[in-house]
Amino acid sequence: MTYSLSLPLPPSTNKRLIKARGGFFILSGEARAWLEEANLLIKSFCNKEKIKPINDYFHLDLEVYLPRSNSDSHNYLKLLCDSLEQGGLVENDKYIMPRIQKVKVDSVNPRVRLSFTAN
């Protein structure tokens, strides 16, 4: 069966981490807040669609709606994949094979639309 889900656009790789005391990096407040929201949306979606965590490699088709034209669509993948694991869509995000199918600009509603096939 083919499924589709839209999520707010995650913070980019450039905004994902901040340097903490001691010189190591932690998730930024923006990244933590986005993960919390995305995890709830994904869990709700999986419950509604009765999707069990995917435990094999699969293609994840993406339509990315960026806030501005000089953004790099690949900078948003890490948090997105992490959220799909934390939200329960996949057992391990190593199984995700992302394919960016469309990139558009939408400064009012930046988002990512996911499409995938699962049993």
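One gets my numbering by counting positions in the sequence shown from 1 and adding 95 to each. Note that the Cβ used here is the ideal one computed from N, Cα and C, for glycine as well.
- For Ala128 and Asn134, the gap between their C-alpha atoms comes out near 10 Å.
- Annotation: the continuous alpha helix (DSSP H) that includes Ile137 extends over 124-144.
- Comparing alpha carbon positions, the residue from Leu104, Val198, Pro148, Val159 closest to Thr212 is Pro148.
- If you check the CB distance, Ile191 and Leu174 do not come in under 8 Å.
- Residue pairing by DSSP puts Met192 in a beta bridge opposite His154.
- In this structure, the alpha-carbon of Ser168 lies about 14 Å from that of Ser202.
- In this structure, Asn165 sits away from Thr108, with a CB-CB distance that is not shorter than 8 Å.
- In this chain, the beta strand (DSSP E) harbouring Leu102 covers 97-103.
- In the three-state reduction of the DSSP assignment, Leu175 falls in the helix class.
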